[in-house]
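Novice:
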């Protein structure tokens, strides 16, 4: 019964959209460009009267299927115990390792000099971090190197 | 009489050498546009010019793509000009276009990149033209 209501609502929505699309006509706005890949649910043939719109049932069915599938995926994905979240769990040992790496990176940044040794150490610490921490550490290094708060003495680029 | 073929070969070699350096040429040493102490700025220059058309021992320009398999990756560009001015930028969300561009860097490449005030790359442009050689 719920499905029937949902599908009926969608049909009404698409029917209304098709009617509005027909009556409002084409526009040059960005929104119309964004939907350029959406299959056309209405077919206009030359010679037909201005008020008539033919709806392709197969296209309409495809759109409804897409909408229902998207709604189901969104509902499943928002569950509290999704597999992705379980995989992202980090052990306390790993967390401690990352914390230590971040502290050592802070110490490297505070050292004022960036030579080959610092570069190697930094790269080793980066490898233990998660992507978000890694990006933060890299930006921290880039900022310090660009501003000159770290004096570069490496052979070649400071971040290999 | 025996010297004639040697002379002819030498003339031909010189002619060939001259022909190899024909065509349009633009020297593009590395330039860093950044105020002292700033994080953001812009750098550009040609790989070949930095290496072969300069007399200092400091300038370079280049980009690298670093991957942490199964986790993430980043793209990093850096440059130093003849006056030892340094600029770099990084991005951790490089798209395929950016990665393909960086993979295309070679001796004819002219590289331009811009860093915003946080050090993130806002532009990475790679041009591969004969005139840089």
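Chains as they are written, first to last, in the working numbering: chain A, 1 to 160; chain B, 1001 to 1133. Just so you know, even glycine gets a beta-carbon here, dropped at the ideal spot from N, CA and C.
What residues of chain A sit near residue 1052/B, judged by a beta carbon separation below 8 Å?
Specialist: None at all; the shortest Cβ gap to chain A is about 17 Å.
Novice: Looking at the secondary structure, which residues open and close the alpha helix (DSSP H) in which residue 112/A lies?
Specialist: Where residue 112/A is concerned, there is no enclosing alpha helix (DSSP H), given that its DSSP letter is neither H nor E.
Novice: Starting from the Cα of residue 1036/B, find the closest Cα among 1052/B, 1066/B, 1023/B and 1083/B and give me that residue.
Specialist: 1083/B
Novice: Quick check on residue 77/A: does DSSP put it in helix, strand or coil?
Specialist: Caution is warranted here: a pLDDT of 47 is assigned to residue 77/A, below 50, making its placement in the model unreliable, and no coordinate value can be reported.
Novice: List the residues of chain A whose Cβ lies closer than 9 Å to the Cβ of residue 1110/B, in chain order.
Specialist: For a Cβ distance threshold of 9 Å, nothing in chain A lies close to residue 1110/B: the least Cβ distance comes to about 18 Å.
Novice: Would the C-beta of residue 115/A count as close to the ligand ADP, meaning under 7 Å from any of its heavy atoms?
Specialist: Summarising the ligand content, the structure contains no ligands, and the ligand ADP is consequently not present.
Novice: Is there a C-beta anywhere in chain A that falls below 8 Å from the one on residue 1042/B?
Specialist: no
Novice: Alpha helix (DSSP H) containing residue 1028/B: first to last residue?
Specialist: It is not in any alpha helix (DSSP H) - residue 1028/B carries neither H nor E in the DSSP assignment.
Novice: Residue 153/A by DSSP, collapsed to three states: which one?
Specialist: Reduced to three states, the DSSP call for residue 153/A is coil.
Novice: Using a threshold of 8 Å, state whether the C-beta atoms of residue 139/A and residue 1120/B are closer than that.
Specialist: Taking a C-beta distance under 8 Å as the contact criterion, residue 139/A and residue 1120/B qualify as a contact pair.
Novice: Would you give the residue range spanned by the beta strand (DSSP E) that residue 127/A belongs to?
Specialist: That residue, residue 127/A, is in no beta strand (DSSP E); its alpha helix (DSSP H) goes 116-128.
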